[in-house]
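Before any comments, here is the structure.
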Amino acid sequence: MDSTDRKIINRIQTHFPIDPRPYRKIGRELNLTEDEVILRVKTLKENGIIRRIGGNFGPYKLGFFSTLCAASVPEDKIDLFTETVNAYTGVTHNYMREHRYNIWFTFIAASREIIEQNLETIARDTGVNDILNLPATDLFKISANFKV
Amino acid sequence: MAPKDLGLDNKTIKYIIKPMLTDIEKKVVASLQGNIPVCQRPFLVLAKGIGISEEKYLDIVARLNEKGIIRRFGATLKHQKSGFKANAMVAWKVDDARAKAVGEIMASFQEVTHCYRRDPAPTWPYNLYTMVHGADEATCHAIAEKIAKAAEVDKDDYTLLFSRKELKKTSMQYFD
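Sequence order for the protein chains is A and B.
First residue of the first sequence: 4, per the numbering used here; consecutive thereafter.
First residue of the second sequence: 3, per the numbering used here; consecutive thereafter.
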């Protein structure tokens with residue numbers, strides 16, 4: 004990754020041009036040809052530095068409900084619990100963390116009730132009953148920009 | 003059904019803006035939530051995919067963007083490969099009366115990417131959450147200390163939860 008790659012990355016993490024020729028627009032801003040921008044972005048994706056390029060949506064604005072859940076899962080149930088939870092498409096992020104509450108996942112669904120029902124089902128299917136449901140009541144910041 | 007009928011509290015209702023997306027807007031949302039193609043005219047490719055013109059597609063994207071329905075449009079990096087090797091979720095216990103002001107202080111730190119308030123649970127006393135990213139775990143601890151000092155939070159009133167394993171990481175697929 005060289006300084007031109009860094010400039011491109013910093014340019015396209017937010018406000019990707021909504022333009023028929025977005026890479027030409029970026030190229031004009033950075034004094035590069037459209038082809039060069041396309042080639043570099045392709046390479047950054049192939050190298051795994053860019054995970055994806057697309058739209059990111061807030062669940063609430065689309066009418067969905069979102070929450071953070073934490074579960075206290077015994078060692079011998081971690082695989083079963085992970086498999087059970089990850090099978091829900093609304094579970095988008097799931098991390099093992101160092102704490103008594105050792106499995107943390109985000110859960111998005113059409114309503115709060117659906118999430119509560121799903122958590123009950125998960126508890127029944129896995130025997131893990133200590134699951135916290137922690138919906139956000141205030142959002143102060145959400146951003147995923149890293150100056151590189 | 004009104005949010006109140008769903009049993010949601012007022013603080014939660016505040017975040018629910020009932021969407022009035024048309025079917026075609028939903029299709030545009032669905033087409034944008036994957037990986038858009040890297041080529042000269044990516045929006046033409048996406049527009050063809052849902053059977054509308056490039057011009058109409060771009061109009062809809064611009065409108066969704068203006069309305070804030072697209073929260074962020076652009077590249078998402080793989081953190082591990084871009085120099086931020088450690089991430090910790092820091093859970094904070096702050097007096098309710100101070101929570102809003104403290105949340106805003108925490109959000110102002112560049113190292114903080116996410117900052118939320120959540121109601122505590124009987125077995126879990128924390129009410130503010132920040133995601134911090136750093137080169138290593140010691141850096142994350144140092145960042146948390148710096149935030150604690152600025153926000154006047156005692157060191158016993160916060161905890162760092164380091165991720166030990168990524169078990170799933172995807173984007174939500176809406177209207178699929």
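Just so you know, even glycine gets a beta-carbon here, dropped at the ideal spot from N, CA and C.
| Asked | Found |
| --- | --- |
| Inter-stretch contact at 8 Å, needing at least 3 Cβ pairs: the segment 102 to 116 of chain B / the segment 90 to 101 of chain A | no |
| CB contact below 8 Å: Ala74(A) versus chain B | no |
| Sequence-distant residues of its chain with Cβ nearer than 8 Å to Lys83(B) (five each side left out) | In this predicted model, Lys83(B) has a pLDDT of only 48, less than 50, meaning its place in the structure is not dependable; the value taken from the coordinates is given anyway. There are no such residues. |
| Contact with chain A by Ser165(B), beta-carbon distance below 8 Å | yes |
| CA-to-CA distance, Lys80(B) to Ile52(A), given in whole angstroms | 5 Å |
| At least 3 beta-carbon pairs within less than 8 Å: the segment 104 to 119 of chain A vs the segment 67 to 82 of chain A | yes |
| Which of helix, strand or coil DSSP assigns to Cys142(B) | helix |
| Secondary structure of Tyr63(A), DSSP reduced to three states | helix |
| Beta carbon of Ala146(B) nearer than 8 Å to that of Tyr160(B) | yes |
| Cβ of Gly130(A) within 8 Å of any chain B Cβ | no |
| Extent of the continuous beta strand (DSSP E) run through Ser165(B) | Tyr160 to Lys171 |
| Cut-off 7 Å between Cβ atoms - residues of its own chain near Val76(A), not counting five sequence neighbours on either side | Phe84, Asn105, Ile106 and Val131 |
| Reference Asp121(B); option with closest CA among Val114(B), Arg65(B), Trp94(B) and Met133(B) | Trp94(B) |
| Secondary structure of Leu35(A), DSSP reduced to three states | coil |
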